[in-house]
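Q: Here it is, the structure, as structure tokens.
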Amino acid sequence: MPPADPLLSLPYGTVPDPDAFLRAAIRWHFSKETGSPFWLDRAPRLDFDPVESVRTFDDLRLFPNVANELREARAEDLVPRGYGARPAIVGVFDSGGTTGAPKRVVMLREWLDMLLAHSDAQLDAHGVPRDVNWLMAIPSGPHMVGASFQELVTRRGGFPLTIDIDPRWVKRLVARGDQAEADAYTEHLIDQLQHPLRSQDVGVLMLTPPVLERLCRREELVDLVREKVRAIMWVGTQLDPDTRYMYRTELFPDTVLCSGFGNTMTLGHVTERPGLGDDDPCVYDPFSPYMTYNVVDLAERRPVEYGERGRVVMHYVGKSLFLPNNVERDEATRVRPLSGQVGDSVADIAPVREFDDEKVIEGVY
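Just so we're aligned: the sequence shown equals residues 1 to 365 in UniProt numbering.
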């Protein structure tokens, strides 16, 4: 079996030339010896030769959006043959299932190690402390966020204390108009958070904006967070600017407050850009060239101007997975990228009302 191009296995901190990296990835994924059954099966049905035609990241628009096929694809077929018979698999993870059956991806160890190295550096840049315990109210089970952050916390020297969230159940309650039951479920989550906040050493609190808002209705828990917690990380649904400003300046002025933006179809997450002011929007820079974003006018398939809103198109390009041209359920404001970055940065992310002919419901995540 031919070896992988070294560009596909560089250590964290060594940034490859983006286009050379992309071409190496294309050769890997479309070689009969190393590619995945998923892509080798589809290659003859493409109306272009990926190895010959894809030279730059702009050429990824040639690919069809195959994300919906991940609802039914066998997990085994997503792993490139180049990994051999026993690839180091971390897990098989689902999308949220917001719009129909979930899409499914496979995460391999070498990518998780790279992703967590990037997350580590971003958290350090925000001043999130090491060697402290995290209390996390996030989805586990088939959801990537639970598995990745539990390992991240232990790498940073803390204990991961967890409260499980079932986002699909809450979305089902909201969809059928049972707001009272959805509220009761959120209260159930706060009840579970209450005991570890009282009894354990908690340095970082990780949760979603709806759960944080509900926690703040209990004065005792607000006092405990002020007393113990040195950083709050919110993920999942977005936080409106006024509420974010209130948390930062009034409720938790001595606590680091930062957010994360993740997506299963890019196999990971990023933390908001460090150094933003209390009035600035949350800006997210992709972990390029592996994870990249474009903000486009979907009707005309062209980039919107910087500062304008459009649909988010995501690409994941790596050794373990290739998933280009994925139109996401989110809209965002297009932001100028950092120096050397591939693609756009994004801000003010919000879901569209309908996606794939399904109404989008956020619930608690």
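By construction, the Cβ of each residue, glycine as well, lies at the ideal position given by its N, Cα and C atoms.
Label Q200 either buried or exposed according to how many other C-beta atoms from any shown protein chain fall within 10 Å of its C-beta, with 16 as the threshold for buried.
A: With fewer than 16 other Cβ atoms inside 10 Å of its own Cβ, Q200 counts as exposed.
Q: In the DSSP assignment, find the unbroken beta strand (DSSP E) run with F322 in it and report its ends.
A: 322-335
Q: Alpha carbon to alpha carbon, what distance is there between D41 and D223?
A: 57 Å
Q: Exposed or buried, V153, counting other C-beta atoms within 10 Å across all chains shown (16 or more means buried)?
A: V153 comes out buried.
Q: Distance check for V202 and C216, CA to CA, integer angstroms please.
A: 17 Å
Q: Measure the alpha-carbon distance for R27 versus S320 and round it to whole angstroms.
A: 13 Å
Q: By a C-beta neighbour count over all protein chains shown, 10 Å radius and 16 as the cutoff for buried, is L10 buried or exposed?
A: exposed
Q: Taking 8 Å as the cut-off, does the stretch 164-176 touch the stretch 137-152 (at least 3 CB pairs, one atom from each stretch)?
A: Contact between the stretch 137-152 and the stretch 164-176 is present, because at least three Cβ pairs lie under 8 Å.
Q: Roughly how many angstroms separate the alpha carbons of Y365 and M206, rounded to a whole number?
A: Note that Y365 scores 44 on pLDDT, short of 50, meaning its location in the model is unreliable; the coordinates nonetheless yield the value given after this. The alpha-carbon atoms of Y365 and M206 are separated by roughly 12 Å.
Q: Looking only at its chain, what residues have a beta carbon closer than 6 Å to the beta carbon of R214, apart from the 5 residues adjacent to it on each side?
A: For R214, where only same-chain residues beyond five positions count, the Cβ hits under 6 Å are T186, I190.
Q: Since P337 and D330 should fall inside the 8 Å C-beta cutoff, what is the C-beta to C-beta distance between them, to a whole number of angstroms?
A: About 18 Å separates the CB atoms of P337 and D330; that is not less than 8 Å, and the two are not in contact.
Q: To which residues of the same chain is I268 closer than 7 Å at the C-beta, ignoring the five residues directly before and after it?
A: Note that residue 268 is Gly in the sequence shown, not Ile. Taken in chain order, the residues that qualify are L115, G262, F287, M291.
Q: To the nearest angstrom, how far is it from the Cα of S148 to the Cα of L112?
A: 7 Å
Q: E328 and V342 - do their beta-carbons sit closer together than 8 Å?
A: no
Q: With a threshold of 6 Å on Cβ separation, who are the neighbours of P303 within its own chain once the five nearest residues in sequence on each side are excluded?
A: Within the same chain, Cβ atoms closer than 6 Å to the Cβ of P303 are found at V296, the five residues on either side in sequence being excluded.
Q: Count the other CB atoms, across all protein chains shown, that sit within 10 Å of the CB of S53; report buried if there are 16 or more and exposed otherwise.
A: exposed
Q: Assign G260 to buried or exposed, taking buried as 16 or more other Cβ atoms, counted over all protein chains shown, within 10 Å of its Cβ.
A: buried
Q: Specify whether the stretch 116-123 and the stretch 87-104 touch according to this definition: at least 3 beta carbon pairs, one from each stretch, less than 8 Å apart.
A: no
Q: With burial defined as no fewer than 16 other Cβ atoms inside 10 Å of the residue's Cβ, what is the status of L103: buried or exposed?
A: First, the amino acid is wrong: residue 103 is Lys here, not Leu. By the 10 Å Cβ count, K103 comes out buried.
Q: In the structure shown, what three-state DSSP assignment does Y365 receive?
A: The predicted position of Y365 is uncertain, since its pLDDT is 44 and thus under 50; no value can be drawn from it.
Q: Compute the distance between the beta-carbons of N294 and N65, then report whether it is under 8 Å.
A: The beta carbons of N294 and N65 sit no closer together than 8 Å.
Q: Can you check which of these residues, F38, Q238, Y247, is closest to V225 by C-alpha distance?
A: Of the candidates F38, Q238, Y247, Y247 places its Cα closest to the Cα of V225.
Q: Please determine, among C258, D348, Y306, the residue with the shortest C-alpha to C-alpha distance to D124.
A: C258
Q: Give every residue of the same chain whose Cβ lies closer than 6 Å to the Cβ of T333, excluding the five residues on either side of it in the sequence, and list them in chain order.
A: R309, A347, D348
Q: Tell me the start and end of each unbroken alpha helix (DSSP H) in the stretch 29-116 that is at least 4 residues and wholly inside, in chain order.
A: 37-42, 50-53
Q: Within 10 angstroms of its Cβ, does H188 collect 16 or more other Cβ (buried), or is it exposed?
A: Here H188 is exposed: its Cβ has fewer than 16 other Cβ atoms, across all protein chains shown, within 10 Å.
Q: Please state whether the Cβ-Cβ distance between R230 and P129 is less than 8 Å.
A: Yes. Within cutoff.
Q: Give the list of continuous beta strand (DSSP E) stretches no shorter than 3 residues that lie fully inside the stretch 130-197.
A: Every beta strand (DSSP E) stretch that sits fully inside the stretch 130-197 and reaches 3 residues is listed by chain position as 134-139, 160-165.
Q: So, is Q179 buried or exposed, given that buried needs 16 or more other C-beta atoms within 10 angstroms?
A: Label assigned to Q179: exposed.
Q: Of all the options C282, A4, D5, V15, which has the alpha carbon lying nearest to the alpha carbon of S339?
A: When only C-alpha atoms are compared, the closest one is V15.
Q: If you draw a straight line from the C-alpha of L239 to the C-alpha of L173, how long is it?
A: 21 Å
Q: Am I right that P80 and P289 are in contact with their C-beta atoms under 8 Å? What's the rounded C-beta distance?
A: Not confirmed; about 18 Å, so no contact.
Q: Classify P44 as buried or exposed, calling it buried when 16 or more other Cβ atoms lie within 10 Å of its own Cβ.
A: Only exposed fits P44, as fewer than 16 other CB atoms lie within 10 angstroms of its CB.
Q: According to DSSP, I232 sits in a beta bridge with which residue or residues?
A: L205, L257
Q: Which residues mark the beginning and the end of the beta strand (DSSP E) in which C292 is found?
A: Residue identity differs from the one stated: residue 292 is Thr in this sequence, not Cys. Boundaries of the beta strand (DSSP E) harbouring T292: 291-297, taken from the DSSP string.
Q: Figure out for me which residue from H126, W169, R155, N133 has the closest Cα to the Cα of P139.
A: Checked all of H126, W169, R155, N133; the closest Cα to P139 is W169.
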